[in-house]
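J.:
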Amino acid sequence: MDQLSKDHLESIMFIHSNRGNLNPIFEKACKDGNLTIVKLLFSLPRYEPIPLEPIEMQNIKVNMQLQDEAFNIQITNHAIEIACESGNLELVKFLIPRFEIELINFTACSILQCACIQKDMELIEWLQSVKDLNQWRFQYIILMYGNLDLIELLFNQIELSFGQSHIDPNNIFADVCQTGNLDAAQFLLDKFSYKTRLLPRSNNSNCIDINREDDLPFRMACKNNQLDIIQFLLSIEMNGIDIHTQNDEAFFEDVADFLLPFLNNNPNEFYFIENSHHYVLKPINSKFENESVPNVIHTDCGKIYYESEEHILDCYENYLIYRQAFARKSARSRE
Numbered sequence: 227m228d229q230l231s232k233d234h235l236e237s238i239m240f241i242h243s244n245r246g247n248l249n250p251i252f253e254k255a256c257k258d259g260n261l262t263i264v265k266l267l268f269s270l271p272r273y274e275p276i277p278l279e280p281i282e283m284q285n286i287k288v289n290m291q292l293q294d295e296a297f298n299i300q301i302t303n304h305a306i307e308i309a310c311e312s313g314n315l316e317l318v319k320f321l322i323p324r325f326e327i328e329l330i331n332f333t334a335c336s337i338l339q340c341a342c343i344q345k346d347m348e349l350i351e352w353l354q355s356v357k358d359l360n361q362w363r364f365q366y367i368i369l370m371y372g373n374l375d376l377i378e379l380l381f382n383q384i385e386l387s388f389g390q391s392h393i394d395p396n397n398i399f400a401d402v403c404q405t406g407n408l409d410a411a412q413f414l415l416d417k418f419s420y421k422t423r424l425l426p427r428s429n430n431s432n433c434i435d436i437n438r439e440d441d442l443p444f445r446m447a448c449k450n451n452q453l454d455i456i457q458f459l460l461s462i463e464m465n466g467i468d469i470h471t472q473n474d475e476a477f478f479e480d481v482a483d484f485l486l487p488f489l490n491n492n493p494n495e496f497y498f499i500e501n502s503h504h505y506v507l508k509p510i511n512s513k514f515e516n517e518s519v520p521n522v523i524h525t526d527c528g529k530i531y532y533e534s535e536e537h538i539l540d541c542y543e544n545y546l547i548y549r550q551a552f553a554r555k556s557a558r559s560r561e
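For what it's worth, our numbering labels the leading residue of the sequence shown as 227, then goes sequentially.
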């Protein structure tokens, strides 16, 4: 429950009694998701602007000031959008019936996103009925933020528009991986055929290419720390994902600790993290460039790329241990 302090109440009533402009307070309350203050503002009586007298009889400066500062809450698209950003769905539902201007598609999508996150089917169904709402945009938001039950329910009612020239399921899949909606990612791959570098089984225009643009879905998931999506992608049989793509870009994201067992599977390369410092050991004749590790030092085991010198020795010593363990594992596998 939103709290309204005595000081807040006295300030609002003082501004109102002096015909001050309460619109900034209204917008701030929307941004904070403070339904209590918004309801209070709507309960206050409205003041009409003081009419201007004939030009020769008025004090222009004083009257213009009163005209500008007359209390008149305006529910705009912007107010609805910032209320959605607050995550307070009850506030959004309170404002909608008082919406005095056309509900444009962009604002409707902001409301839909908020409703999806909080799984409010009543509001979602109402939005679906909004006249002239862009149905493709509606589907897109559902895929980005809806759970599986919601996705299946709505997509049984709405024919998917994939396959049209302006809609690429590959783009949608990459966006879903970026937002981290695991339900949607699984739904899309179940709904449509997919292919990988190791499984080029479809030429269908609706086919989702998991490895497109240097494993873009995987890279987007790594960049946005979507661990569930990363695990899902790597679990796909014959996924063909190159975790070293784009010069080991994924290693320098927040998910690097999870990826280390996948990265460290070659006796001639080694990836090491200590106190948020990253180190990459590559063979002496290799070429490697990544702005995250701009410096390089040559050792008898290879080249170590680094940003900070602080843990170079630790990297080197851990690599020797890793290489010995790798050799023992390889020997056992040959027995």
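Where a beta carbon is used, it is the ideal one built from N, C-alpha and C, also for glycine.
So Leu414 and Phe399 are supposed to be a Cβ contact under 8 Å. How far apart are they, rounded?
T.: On the sequence shown, position 188 is the one that residue 414 refers to. On the sequence shown, position 173 is the one that residue 399 refers to. That pair is a contact at about 5 Å.
J.: Just the C-alpha distance for Tyr548 and Lys508, rounded to the nearest angstrom, thanks.
T.: Counted from its first residue, the sequence shown places residue 548 at position 322. Counted from its first residue, the sequence shown places residue 508 at position 282. Between Tyr548 and Lys508, the C-alpha separation is close to 14 Å.
J.: Quick check on Thr422: buried or exposed, where buried means 16 or more other Cβ atoms within 10 Å of its Cβ?
T.: For the purposes of this step, residue 422 is identified with residue 196 of the sequence shown, where counting begins at 1. Under this definition Thr422 is a buried residue.
J.: In whole angstroms, what is the alpha-carbon distance linking Lys590 and Leu315?
T.: What is shown of the chain runs 227 to 561, which leaves residue 590 out entirely.
J.: To the nearest angstrom, how far is it from the Cα of Glu295 to the Cα of Leu321?
T.: Counted from its first residue, the sequence shown places residue 295 at position 69. Counted from its first residue, the sequence shown places residue 321 at position 95. With a pLDDT of 41 at Glu295, under the threshold of 50, the predicted position of this residue should be treated as unreliable, though the coordinate-derived value follows. Rounded to whole angstroms, Glu295 to Leu321 spans 22 Å at the Cα level.
J.: Between which residues of its own chain and Asn285 is the CB-CB distance below 7 Å, once the five residues before and five after are set aside?
T.: Taking the first residue of the sequence shown as 1, we reach residue 285 at position 59. Here Asn285 scores only 44 on pLDDT, less than 50, and its place in the model should not be relied on; the value that follows carries that caveat. So the list is empty, once near-sequence residues are dropped.
J.: Residues bridged to Asn521 by DSSP?
T.: Taking the sequence shown and counting its residues from 1, one reaches residue 521 at position 295. Its beta-bridge partners are Tyr532.
J.: DSSP three-state call for Lys345: helix, strand or coil?
T.: On the sequence shown, position 119 is the one that residue 345 refers to. Lys345: coil per DSSP, three-state reduction.
J.: Run through the DSSP bridge pairs and tell me what Ile499 is partnered with.
T.: Counted from its first residue, the sequence shown places residue 499 at position 273. For Ile499, which the question treats as bridged, DSSP gives the partners His504.
J.: For Asn425, write down the residues that DSSP places opposite it in a beta bridge.
T.: Numbered from 1 along the sequence shown, position 199 holds the residue referred to as residue 425. Reading off the sequence shown, one finds Leu at residue 425, where the question assumed Asn. Looking at the DSSP assignment, Leu425 forms a beta bridge with Thr422.
J.: Taking a contact to mean a Cβ-Cβ separation below 8 Å, would you say Cys403 touches Phe418 in this structure?
T.: What you label residue 403 is simply residue 177 of the sequence shown in a count that begins at 1. What you label residue 418 is simply residue 192 of the sequence shown in a count that begins at 1. No.
J.: Within the continuous alpha helix (DSSP H) that includes Ala476, where are the two ends?
T.: The residue labelled residue 476 in the question sits at position 250 within the sequence shown. Taken as a continuous stretch (DSSP letters only), Ala476 belongs to no alpha helix (DSSP H), as it is neither H nor E.
J.: Taking only three categories from DSSP, how would you classify Asp540?
T.: Taking the first residue of the sequence shown as position 1, residue 540 is located at position 314. Three-state result, Asp540: helix.
J.: Find out if the Cβ-Cβ distance for the pair His537, Val519 is shorter than 8 Å.
T.: In the sequence shown, the residue the question calls residue 537 occupies position 311. In the sequence shown, the residue the question calls residue 519 occupies position 293. Against a cut-off of 8 Å, the Cβ pair of Val519 and His537 comes out as no contact.
J.: Report the residue from Arg438, Leu261 and Phe325 whose alpha carbon sits nearest the alpha carbon of Gly466.
T.: For the purposes of this step, residue 466 is taken as residue 240 along the sequence shown, with counting starting at 1. The candidate whose alpha carbon is nearest that of Gly466 is Arg438.
J.: Looking at Ile337: is its Cβ nearer than 8 Å to the Cβ of Ile306?
T.: Looking up residue 337 in the sequence shown gives position 111. Looking up residue 306 in the sequence shown gives position 80. Cβ atoms of Ile337 and Ile306: closer than 8 Å.
J.: Only counting the same chain, and skipping five residues up and downstream in sequence, which positions put a Cβ closer than 8 Å to that of Lys529?
T.: Here residue 529 refers to the residue found at position 303 when the sequence shown is read from its first residue. Excluding residues within five positions, the ones whose Cβ falls inside 8 Å are Leu507, Lys508, Pro509, Ile510, Ser512, Phe514, Val522 and Ile523.
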